[in-house]
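Peer 1: Got a structure for you, questions after.
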Amino acid sequence: MFQKDDLVVYGRTGVCRVEDITQPDFCRSKPGELDKLYYVLSPLYQDGTIYAPIENCKVPIRPILTAEEADDLVDAIPASRAQAYYGGSTQNLRDHYQTLLQTSDCRDLLELVISIYCKKTHVEETKRKFGAVDEHFMKQAEQLLGGELAAALDVPVSEMLDRIAAKLRTRKSVPAQELA
660 MFQKDDLVVY GRTGVCRVED ITQPDFCRSK PGELDKLYYV LSPLYQDGTI YAPIENCKVP
720 IRPILTAEEA DDLVDAIPAS RAQAYYGGST QNLRDHYQTL LQTSDCRDLL ELVISIYCKK
780 THVEETKRKF GAVDEHFMKQ AEQLLGGELA AALDVPVSEM LDRIAAKLRT RKSVPAQELA
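In case it helps, our numbering puts the sequence shown at residues 660 to 839.
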C-alpha cells in the first residue's frame with residue numbers, strides 16, 4: 660500500500676502524487692462500497708484529481724523508479740539494441756506501439772522511444788515523411804518516460820527529454836528491419 664506523498668505511476672496518466680487515502684463521499688451512498696478506500700492522486704504533469712480504488716486491478720499503479728534506476732536506464736540508451744519497427748499496416752503498427760505503452764514499464768517505454776527515433780532518423784535520411792502514428796506514439800512515450808525519469812531525478816521534464824535526446828544521438832545505429 661502506498662503512503663501519502665508517495666510518487667506513483669498510474670496507468671497511462673503518468674506520475675501522480677498520493678494526496679490522501681480516504682473513503683470519498685461518493686462511496687458512502689453506495690451499498691457495498693462503505694468500506695472501500697481510495698487513493699486520491701494528483702497528476703504531476705496535468706490537471707485534475709484521480710480517485711483510484713486501493714483494490715484496483717484494472718489500472719496498473721506502481722512506485723516510480725529510484726534515482727539510481729533512472730540514471731542506469733538513461734545511461735543504457737547508447738548500448739540499446741532496439742530497432743525501428745515497421746508493422747506492415749497502420750493497425751499493426753498502432754497495436755505494437757499500444758502494447759508497449761500499456762505495460763507502463765520504463766524499459767518498454769524506452770524501447771518504444773528508441774525504436775521510433777531510429778525510424779524517424781531513417782525516414783529523414785531517405786527524405787521521406789515521418790508517419791502520424793509514429794509521431795503520436797513517440798510523443799506519448801516521451802511524455803510518460805520523461806515524466807517518470809524527471810520525477811525520479813528531481814529535474815524538469817524538458818531537461819530530462821534533452822538528456823534522453825542527447826543519449827539517443829550518441830547511440831550506434833542498428834539497421835532497420837521490417838518485422839511481421
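Ideal Cβ placement from N, Cα and C applies to all residues, glycine included.
Excluding the five sequence neighbours on either side, which residues of its own chain have a C-beta within less than 8 Å of the C-beta of Thr708, listed in chain order?
Peer 2: As a position in the sequence shown, residue 708 is number 49, starting the count at 1. Closer than 8 Å at the Cβ level, and outside the excluded window around Thr708, lie Glu678, Val699, Leu700, Ser701.
Peer 1: Taking 8 Å as the limit between beta carbons, can you name the residues of its chain near Val792, skipping five residues before and five after?
Peer 2: Sequence index remark: in the sequence shown, residue 792 carries index 133 (1-based). Excluding residues within five positions, the ones whose Cβ falls inside 8 Å are Thr749, Leu752, Arg753, Tyr756.
Peer 1: Take every Cβ of the region 793-803, pair it with every Cβ of the region 713-723, and state whether three or more of those distances are shorter than 8 Å.
Peer 2: no
Peer 1: Alpha carbon to alpha carbon, how far is Tyr697 from Arg604? Give it in angstroms, no decimals.
Peer 2: With the chain running from 660 to 839 in the structure shown, residue 604 is simply not present.
Peer 1: Between Glu818, Ala811, Ile713, which has its C-alpha nearest Val674's C-alpha?
Peer 2: Counting from one through the sequence shown, the residue named residue 674 turns up at place 15. When only C-alpha atoms are compared, the closest one is Ala811.
Peer 1: Mark Pro834 as exposed unless 16 or more other C-beta atoms lie within 10 angstroms of its C-beta, in which case mark it buried.
Peer 2: Against the sequence shown, residue 834 aligns to sequence position 175. With a pLDDT of only 45 at Pro834, under 50, the local geometry of the prediction cannot be trusted, and the value read off the model is given with reservation. Its Cβ having fewer than 16 others within 10 Å, Pro834 is exposed.
Peer 1: Taking the continuous beta strand (DSSP E) assigned at Thr681, which residues delimit it?
Peer 2: Residue 681 sits at position 22 when you count from the first residue of the sequence shown. That run of the beta strand (DSSP E) goes 673-681.
Peer 1: Considering only the beta carbon of each residue, do Ile736 and Lys798 sit closer than 9 Å?
Peer 2: Stepping through the sequence shown from its first residue, residue 736 is reached at position 77. Stepping through the sequence shown from its first residue, residue 798 is reached at position 139. Going by C-beta atoms, Ile736 is not nearer than 9 Å to Lys798.
Peer 1: For Tyr697, name the three-state secondary structure that DSSP assigns.
Peer 2: Residue mapping note: residue 697 aligns to position 38 of the sequence shown, counting from 1. Tyr697: strand per DSSP, three-state reduction.
Peer 1: Using CA coordinates, which residue listed in Ser817, Glu807, Val782, Arg830 is at the minimum distance from Glu728?
Peer 2: Your numbering for residue 728 matches position 69 in the sequence shown. Of Ser817, Glu807, Val782, Arg830, the residue nearest in Cα terms is Glu807.
Peer 1: Where does Ile709 sit, in a helix, a strand or coil, going by DSSP?
Peer 2: For the purposes of this step, residue 709 is identified with residue 50 of the sequence shown, where counting begins at 1. It is a strand residue.
Peer 1: Is Leu704 helix, strand or coil when you go by DSSP?
Peer 2: On the sequence shown, residue 704 is found 45 positions in, with the first residue counted as 1. The sequence given here has Tyr at residue 704, not Leu. In this structure, Tyr704 counts as coil in the three-state DSSP scheme.
Peer 1: Go ahead and label Asp778 buried or exposed: buried means 16 or more other beta carbons lie within 10 angstroms of its beta carbon, across all protein chains shown.
Peer 2: Position 119 of the sequence shown holds residue 778. Looking at the sequence shown, residue 778 is not Asp but Lys. With 16 or more other Cβ atoms within 10 Å, it is buried.
Peer 1: Terminal residues of the continuous alpha helix (DSSP H) containing Ile823?
Peer 2: If you number the sequence shown from 1, residue 823 lands on position 164. Looking at the DSSP string, the run of the alpha helix (DSSP H) that includes Ile823 is 816-829.
Peer 1: Terminal residues of the continuous alpha helix (DSSP H) containing Leu804?
Peer 2: The sequence position of residue 804 within the sequence shown is 145, counting from 1. 791-812 is the span of the alpha helix (DSSP H), which, as asked, contains Leu804.
Peer 1: Bridge partners of Pro722, per DSSP?
Peer 2: Within the sequence shown, residue 722 is the residue found at index 63, counting from 1. In the DSSP output, where bridge partners are listed per residue, Pro722 has Val667.
Peer 1: Which same chain residues, not among the five before or five after Lys695, have their C-beta less than 8 Å away from its C-beta?
Peer 2: As a working mapping, residue 695 is identified with position 36 in the sequence shown. If we look at Lys695 and ignore the five residues flanking it on each side, its Cβ neighbours are Gln682, Cys686, Pro712, Ile713, Glu714.
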